[in-house]
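There are 2 protein chains.
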Amino acid sequence: MADIRDLALHLNISTGTVSRALNNRPGVNAATRARVLEAAIELGYVANQSGRSLRRGATNTIGFLIETGSAANQESGDFFFILLDALHLYLAGKGFDLMILPCHSADDPAEFLGRLVARGLVDAVVITATRRHDRRIEMLTRSTLPFLTLGRSETPGAYPWIDMDFDGVARRSVAELVAQGHRRIALALPDNDVMLGYHYRRGYEAAMADAGLTLDPALIFRNPTSEAGGFALGRQLAQARPSAVMLCSEATTVGLYAGLQREGITPGPDLSIVTFRENPQLRFLSPAPATFRVDISAIGRLIGENVIALLSPDTRPEAARAEILVPLDYLPGASICPPR
Amino acid sequence: MADIRDLALHLNISTGTVSRALNNRPGVNAATRARVLEAAIELGYVANQSGRSLRRGATNTIGFLIETGSAANQESGDFFFILLDALHLYLAGKGFDLMILPCHSADDPAEFLGRLVARGLVDAVVITATRRHDRRIEMLTRSTLPFLTLGRSETPGAYPWIDMDFDGVARRSVAELVAQGHRRIALALPDNDVMLGYHYRRGYEAAMADAGLTLDPALIFRNPTSEAGGFALGRQLAQARPSAVMLCSEATTVGLYAGLQREGITPGPDLSIVTFRENPQLRFLSPAPATFRVDISAIGRLIGENVIALLSPDTRPEAARAEILVPLDYLPGASICPPR
DNA sequence: GGCGTCATCGCAAACGTTTACGAAGGCTTG
DNA sequence: CAAGCCTTCGTAAACGTTTGCGATGACGCC
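As they're listed, the protein sequences go chains A and B.
Numbering-wise, the first sequence is residues 1 to 340 according to this note's numbering.
Numbering-wise, the second sequence is residues 341 to 680 according to this note's numbering.
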């Protein structure tokens, strides 16, 4: 309601001074500044965002791109919820807003982002669920909009990224299983080209080689990252008969437990299981699966810090180019037993 | 990049005409309009949002308030994901943007909303997880910002709402259980004052009365809406020994299955269970629980339609005041058996 | 006392868009 | 043919904010 002119009129000073006082700009008397701040709360004045954005050429808003539609739900819903909560909290402290931008997979991501950039809705954008070759990254590197990816990619260009160490998760998983005596270790992968699966597989292959185990292509499975996919995996494993299986999807794990039950296979004694990401839903499976835990809120804050660093002109460009790998902690579970 | 002035210069016409052409305003020659539209795509022109908002006094953005923090996760993450996807899709078709506004439960909701209104970030706001007495609704009824609630409330005032028919779910649940011969039917409620629990309880009480059954306060339980809460409920039920239990939380149901297993109680034969909302996670429990299904995407679209109706000046005010109760469909499950 | 410096503040021009208003010209109609 | 209307378009003033520039004193110093 209240204008900056109302405020200025009410204080008998110019709007310029009011603006400088509110924005902590130099050149305004301490007493006047105090009066302005006081009057601002009294009148309930908050700067209009459109006017400020227009003048400053910046919206103080960060976009967070979520791909919705088909293959989006690879991370369970609570992952993004926790992440967004932490990110929003951090950004709010810095005076930034957060705008979630659901990009439907049916849309052309390039066109979607093109409009986004041109409209000047956001000062920077975070993109998630990166692909090995990602058209969105291609598009953004050509534009002037700063961006940060949650997830690595092999798309050419120098851009900041934050990712979880799926490679390390796979290595540790193999190591834990091998320590128990497993040799026939199956790998469950998503059936799309999301980067997570790529790194998970690379870690698996490296760790298997380190352990002196030969890779059996018949033990590598690709299924939709869903409960149904996990259920189908149960049948496949009943055929292939590995002594252990590694998974990289929570939903798939839930489905696998049901699928194994139907096949008469007891998780743990009959088939060791290690998966991630740890969450309450998985913790109440029986036997509790061995998982990996990650501090999602920390990732949210990390994203916030680095996306702000991208925007602040005083940081050196090379310092702003984050390449951060977040580790996950191993959580033992009763789902890992020695092989029969 | 490209300005509306660039566009006008490029076409040798005035910016006013360009604006009118782009916005489908009357008073511009069809041929000129075509030329403008063509040049717009050629130069990649998209109207700057800040300038437009400032002039129009509207941002063409809908806010979606999500309460994060403690008691927020009553709905599992995928609920909001599906909802937001559908809502965003609908709004995009109407030229509106969607802004998710996480309001941390630690914040003062009134102050949060006050700033929001004053800043003019959004033209309307949708609030979720309504409480029986909701300070946010109080605040919004006093402001001029149009809003819509997902969930009913008893906060005074005439405001549009959309809600799911939890009352009907409870009635139907009781009816199904009574039809199987159950008389000692337990009720699991959330431990906070979210409206869902209130309506669920009312439906339960009414249906029990209709069936001629007396209410046993010892069979009504309040637990956190989480897996841990459901696990604890398992122990409580082992003490109280009802023949059936009704739940209104997905996470609680998952925890209950684990808790019952620990108590040596077999879901179905030993204790009938009916719960909602149906989702993949629940479908892979064994025995599959009887649940209720709701078309979440439809709710998303419904929200979109009604929030847009709130903003369009040509709709009659009384038509814009939606009070919509969305039904849920009963899905039988093996978790319902006759009592022993 | 004159001069330079500094702190403080007002003035006014932007930022990009929309829109009320008026002007010009073509057309119809009496 | 004049009057009036309609179509089409240009002009310019907003929307609310920030900020460069200049003005006004106050103060210190030679």
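Note that the Cβ used here is the ideal one computed from N, Cα and C, for glycine as well.
Residue i at chain A interface by Cβ criterion, 8 Å
i	result
residue 388 of chain B	yes
residue 318 of chain B	Nothing about residue 318 of chain B can be read from this structure; chain B reaches only from 341 to 680.
residue 623 of chain B	yes
residue 530 of chain B	no
residue 444 of chain B	yes
Secondary structure of residue i, DSSP reduced to three states
i	result
residue 188 of chain A	strand
residue 556 of chain B	coil
residue 299 of chain A	helix
residue 533 of chain B	coil
residue 320 of chain B	Nothing can be reported for residue 320 of chain B, as the shown portion of chain B is limited to 341 through 680.
residue 477 of chain B	helix
residue 449 of chain B	helix
residue 674 of chain B	coil
residue 246 of chain A	strand
residue 571 of chain B	helix
residue 494 of chain B	coil
residue 618 of chain B	coil
residue 48 of chain A	coil
residue 628 of chain B	coil
residue 551 of chain B	coil
residue 403 of chain B	strand
residue 353 of chain B	coil
residue 117 of chain A	helix
residue 669 of chain B	strand
residue 565 of chain B	coil
residue 485 of chain B	coil
residue 342 of chain B	coil
residue 418 of chain B	helix
Any C-beta of chain B under 8 Å from that of residue i
i	result
residue 254 of chain A	yes
residue 290 of chain A	no
residue 68 of chain A	yes
residue 280 of chain A	yes
residue 97 of chain A	yes
residue 94 of chain A	no
residue 286 of chain A	yes
residue 179 of chain A	no
residue 1 of chain A	yes
residue 84 of chain A	yes
residue 88 of chain A	yes
residue 359 of chain A	One cannot answer for residue 359 of chain A here, as it falls past the ends of chain A, which runs 1 to 340.
residue 251 of chain A	yes
residue 100 of chain A	yes
residue 5 of chain A	no
Local Cβ density within 10 Å of residue i, reported as buried at 16 or more and exposed below that
i	result
residue 406 of chain B	buried
residue 278 of chain A	buried
residue 239 of chain A	exposed
residue 364 of chain B	exposed
residue 162 of chain A	buried
residue 181 of chain A	exposed
residue 41 of chain A	exposed
residue 173 of chain A	buried
residue 135 of chain A	exposed
residue 68 of chain A	buried
residue 345 of chain A	The first residue shown for chain A is 1 and the last is 340, placing residue 345 of chain A beyond what the model contains.
Legend entry - Meets three-Cβ-pair contact criterion under 8 Å: the region 351 to 359 of chain B and the region 285 to 300 of chain A: no
Legend entry - Positions along the region 106 to 132 of chain A whose CB lies within less than 8 Å of some CB in chain B: 114, 115, 118, 119, 120 and 121
Inset, instruction - Scan the region 563 to 587 of chain B for residues whose Cβ lies nearer than 9 Å to a Cβ of chain A and list them as they occur along the chain. - result: 566, 567, 568, 570 and 571
Inset, instruction - Could you tell me whether the region 116 to 123 of chain A touches the region 323 to 337 of chain A, where touching means 3 or more Cβ pairs closer than 8 Å? - result: no
Inset, instruction - Say whether the region 127 to 141 of chain A touches the region 463 to 482 of chain B, bearing in mind that this needs 3 or more beta-carbon pairs closer than 8 Å, one atom from each stretch. - result: no
Legend entry - Residues, ordered as in the chain, of the region 373 to 405 of chain B that lie near chain A by beta-carbon distance below 8 Å: 384, 385, 386, 387, 388, 389, 390, 391, 393, 394 and 399
Inset, instruction - Report yes or no: do the region 244 to 261 of chain A and the region 217 to 230 of chain A share at least 3 C-beta pairs separated by less than 8 Å? - result: yes
Legend entry - Stretch pair the region 523 to 542 of chain B + the region 643 to 651 of chain B: three plus CB contacts closer than 8 Å: no
Legend entry - Cβ pair count under 8 Å reaching 3, the region 546 to 557 of chain B against the region 609 to 618 of chain B: no
Legend entry - Residues in the region 255 to 276 of chain A having any Cβ partner in chain B nearer than 7 Å: 255, 258 and 261
Legend entry - Cβ contact check for the region 78 to 90 of chain A and the region 293 to 309 of chain A: 3 or more pairs under 8 Å: yes
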